Amino acid sequence: MIEIENLTYRYPLTDAPALQDISLRVPRGQFCALVGPNEAGKSTLCYALSGYVPHFYRGELSGTIRVAEAEVAHTDLPHLVSKIGLVFQNPFNQISGARFTVREEVAFGLENLGLPRERILEQVDEALELTGLTPLGARSPYALSGGQQQRLALASIIAMQPQVLVLDEHEMTIVLVSHKLEWVATFAERVIALAGGRLVGDGEPLDVLTDPALVEAGVGQTRYSQAARQAGDQGKPLPVTLAQAVEFFDADRR
Amino acid sequence: MQIAVEQVSFSYPGGVEALRGVSLTIEAGEAVAIVGENGAGKTTLARHLNGLLKPTSGRVLVGDWDTAEQSIAQMSRRVGLVFQNPDDQLFERTVRAEVTFGPRNLGWQPAEVREAVDEALARVGLSEAADTHPYDLHLAQRKLVALAATLAMHTPVVLLDEPTTGQDAVSVERIGTIVDRLHAEGRTVIAISHDLDFCAEHFERAVVMAEGRVLADGPTRQVFTRGEVLAHAAVEAPQLIRLATALGWEAAPLTVEEFLARLRELRRSR
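Chains A and B, in that order, are what the protein sequence lines are. Heads up: the first sequence begins at 1 in this note's numbering, then just goes up one per residue. Heads up: the second sequence begins at 1001 in this note's numbering, then just goes up one per residue.
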């Protein structure tokens, strides 16, 4: 579903590339998490998947990015929106400001695709239901709390039913950027780690999230891994989730 | 400087009732975490503490000031609020100008302003980015600029709305250190957060909110072990408390150090 080959990208007027020689394949339906410290290139990679790089940001791009058979650099943004949806890190930047209610806001993108009315209503209802916003449908987007606005941003994208979602929910190929490592380890099938614009880890959540080199690179670690590491038990695999931590400290039960 | 929230209710103009009879007293120098799910009223409460919002009923006192009788400019001398979304707050062309804006408006001498700005930038680790345009920084760094802009004003009360959201491990640790230092300096630090691990490590008192009300308020260790209250507020206990509970321990460790100390004790007694 996602095929990236030797992707290197530099924003305009900058010296260092934001992404360097990244190659990556994500099969259809996989849920993978993208982790890494600030400035690792996580957001840039999301922009590259969804076409904002290079269509909006310009800059210098080499290598190829294919999403759902479309070559992103050679497909214009209106054609990419049905293939890949990106939920911005900052939801406040995503709300259109052109609609008065939550329901209308979720319908906004669909109206722009020129879908029939019944279909729009159906997809809006489904997206509101999935994100738990149904009771808030009549509210102004600006009368929502920060967290609710984030869910609204997600609902607006889910309603477009893209094939790849750079964030949440199944049956789609999902790339989620997160610092919440316990959550990532519990739900993601695969974890991809970036640091300094490079791919530094890729694999099973447990392997990637306990790799000392990645902890060192600023990816972070759960308190479970941290406690287990410092407890100094040699030879046992470090835990990332609660269940794994309970197993690790099994002999210390009361 | 004491903060007293007395029976405060607040409805937004559209009719949303965000606070329903909240009462809370925070003494000078306390470090308090306010937790709860989306829409619980946390941000609305924070905006009452610096006078951005005035209660529909009830009152908020910050020291001897009733927030309803003070201008926001006046309130900002006592309570510094760091917004959840830094873009609501940043408007200058450079990081330095942004951080200078607050203290300059307090009427300090230029040398004092400069010193406060340098010190605030150093605390958040952005000294070298002083001449950068805030929007050339990443969102996570812009959050640190917003924090520095508040720190530079030397307010007795510092309010942080979701300080760790979107921050990497290194920045979370840095923010934790900043909180600890403010607390050690005797300033009141109040944070709104979903990150209970962070709250457990840096705040001595926790307030749980849901549906515009206070569900629980007390020492962090006690509050974060009240499973039913946390479940009602749709927040998850900190990782180490969940682990200790799953292992059948009576102890409720708030930090990795506390967890390891208890572990060593248990292992010695075996």
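Glycine is no exception: its CB is placed at the ideal position from the N, C-alpha and C atoms. In this text, all values refer to a predicted model and were calculated from it rather than measured experimentally.
By DSSP, does residue i sit in helix, in strand, or in coil?
{"i": "H170 of chain A", "result": "Bear in mind that the predicted position of H170 of chain A carries a pLDDT of just 44, short of 50, making it too unreliable to give a figure here."}
{"i": "A1191 of chain B", "result": "strand"}
{"i": "D15 of chain A", "result": "coil"}
{"i": "A1216 of chain B", "result": "strand"}
{"i": "F1224 of chain B", "result": "coil"}
{"i": "R139 of chain A", "result": "coil"}
{"i": "L1196 of chain B", "result": "helix"}
{"i": "Q1167 of chain B", "result": "coil"}
{"i": "R1242 of chain B", "result": "helix"}
{"i": "V1157 of chain B", "result": "strand"}
{"i": "F31 of chain A", "result": "strand"}
{"i": "S43 of chain A", "result": "helix"}
{"i": "Q148 of chain A", "result": "helix"}
{"i": "Q291 of chain A", "result": "There is no way to answer for residue 291 of chain A, as the model of chain A reaches only from 1 to 254."}
{"i": "I1006 of chain B", "result": "Here the sequence assigns Glu to residue 1006 of chain B, which means Ile is not the residue at that position. It is a strand residue."}
{"i": "T8 of chain A", "result": "strand"}
{"i": "T1025 of chain B", "result": "strand"}
{"i": "V1208 of chain B", "result": "strand"}
With a 10 Å radius around its C-beta and 16 neighbouring C-beta atoms as the bar for buried, classify residue i as buried or exposed.
{"i": "A1122 of chain B", "result": "exposed"}
{"i": "H170 of chain A", "result": "Only weak support is given to the placement of H170 of chain A: the predicted model assigns it a pLDDT of 44, under 50, and the value that follows is read from those uncertain coordinates. That one is exposed."}
{"i": "P17 of chain A", "result": "buried"}
{"i": "S50 of chain A", "result": "buried"}
{"i": "N93 of chain A", "result": "exposed"}
{"i": "Q148 of chain A", "result": "buried"}
{"i": "F1224 of chain B", "result": "buried"}
{"i": "A1231 of chain B", "result": "exposed"}
{"i": "N6 of chain A", "result": "exposed"}
{"i": "G114 of chain A", "result": "exposed"}
{"i": "F56 of chain A", "result": "exposed"}
{"i": "F1010 of chain B", "result": "buried"}
{"i": "A243 of chain A", "result": "exposed"}
{"i": "V26 of chain A", "result": "buried"}
{"i": "L308 of chain A", "result": "Nothing about residue 308 of chain A can be reported from this structure: the residues present for chain A run from 1 to 254 only."}
{"i": "Y13 of chain A", "result": "Checking the sequence, you will find Leu at residue 13 of chain A rather than Tyr. Answer is exposed; the Cβ neighbour count stays below 16."}
Would you mind telling me which residues of chain B sit closer than 9 Å to residue i, beta carbon to beta carbon, in chain order?
{"i": "L242 of chain A", "result": "Q1239, R1242, L1243 and A1246"}
{"i": "D202 of chain A", "result": "By Cβ distance, chain B contributes nothing, its closest Cβ being about 19 Å from D202 of chain A, past 9 Å."}
Are the beta-carbon atoms of residue i and residue j separated by less than 8 Å?
{"i": "Q1167 of chain B", "j": "A1129 of chain B", "result": "no"}
{"i": "G1051 of chain B", "j": "V1157 of chain B", "result": "no"}
{"i": "F249 of chain A", "j": "F31 of chain A", "result": "no"}
{"i": "Q109 of chain A", "j": "A185 of chain A", "result": "Correcting the residue type first, residue 109 of chain A is Gly in the shown sequence and not Gln. Their beta carbons are not under 8 Å apart, which means G109 of chain A does not touch A185 of chain A by this criterion."}
{"i": "R1221 of chain B", "j": "A1252 of chain B", "result": "yes"}
{"i": "L1147 of chain B", "j": "V1208 of chain B", "result": "no"}
{"i": "V124 of chain A", "j": "R99 of chain A", "result": "no"}
{"i": "A1032 of chain B", "j": "F1198 of chain B", "result": "The question names Ala, but residue 1032 of chain B in the sequence shown is Val. The answer is no: Cβ separation not under 8 Å."}
{"i": "L1196 of chain B", "j": "V1235 of chain B", "result": "yes"}
{"i": "D1161 of chain B", "j": "T1043 of chain B", "result": "yes"}
{"i": "G197 of chain A", "j": "G41 of chain A", "result": "yes"}
{"i": "L1247 of chain B", "j": "R254 of chain A", "result": "yes"}
{"i": "V1060 of chain B", "j": "V1008 of chain B", "result": "yes"}
{"i": "A1152 of chain B", "j": "P1086 of chain B", "result": "no"}
{"i": "I95 of chain A", "j": "L152 of chain A", "result": "yes"}
{"i": "L1126 of chain B", "j": "V1095 of chain B", "result": "yes"}
{"i": "A245 of chain A", "j": "P239 of chain A", "result": "yes"}
{"i": "P205 of chain A", "j": "V191 of chain A", "result": "yes"}
{"i": "G218 of chain A", "j": "L181 of chain A", "result": "no"}
What residues of chain B sit near residue i, judged by a beta carbon separation below 7 Å?
{"i": "P212 of chain A", "result": "Simply none; closest approach about 13 Å."}
{"i": "E182 of chain A", "result": "Q1239"}
{"i": "Q230 of chain A", "result": "V1256 and L1260"}
Taking residue i as the query, report the chain A residues whose CB atoms sit under 8 Å from its CB, ordered along the chain.
{"i": "E1162 of chain B", "result": "G146"}
{"i": "H1048 of chain B", "result": "Chain A residues near H1048 of chain B: none, gap ~15 Å exceeds 8 Å."}
{"i": "G1014 of chain B", "result": "R139, S140 and A143"}
{"i": "H1138 of chain B", "result": "N38, E39 and S43"}
{"i": "Q1084 of chain B", "result": "G146"}
{"i": "L1266 of chain B", "result": "D252 and R254"}
Going along chain B in order, which residues have a C-beta closer than 8 Å to the C-beta of residue i?
{"i": "P37 of chain A", "result": "D1168, A1169 and V1170"}
{"i": "F249 of chain A", "result": "L1243, L1247 and L1263"}
{"i": "D76 of chain A", "result": "Per Cβ cutoff of 8 Å: no residues; D76 of chain A is ~26 Å from chain B at best."}
{"i": "G218 of chain A", "result": "D1168, A1169 and V1170"}
Applying a beta-carbon distance threshold of less than 7 Å, which residues of chain A neighbour residue i?
{"i": "V1259 of chain B", "result": "Going by the sequence as given, residue 1259 of chain B is Phe instead of Val. The contacting residues are A227."}
Chain E partners of residue i, CB-CB under 8 Å?
{"i": "T222 of chain A", "result": "Absent here is chain E; the protein component of the structure consists of chains A and B."}
Could you tell me which chain A residues have their CB closer than 9 Å to the CB of residue i, listed as they occur along the chain?
{"i": "Q1141 of chain B", "result": "N38 and E39"}
Is any heavy atom in the ligand ATP found nearer than 7 Å to the beta carbon of residue i?
{"i": "S96 of chain A", "result": "Of the ligands one can find in the structure shown there are none, so the ligand ATP has no counterpart to examine."}
Whole beta strand (DSSP E) runs in the segment 50-112 of chain A with 3 or more residues, listed along the chain?
-> 60-67 and 84-86
In the segment 181-235 of chain A, which residue ranges form an unbroken alpha helix (DSSP H) of at least 4 residues, counting only runs that do not cross its ends?
-> 181-187, 205-209, 212-216 and 223-231
Alpha helix (DSSP H) runs wholly inside the segment 1055-1109 of chain B, at least 4 long, in chain order = 1072-1075 and 1095-1105
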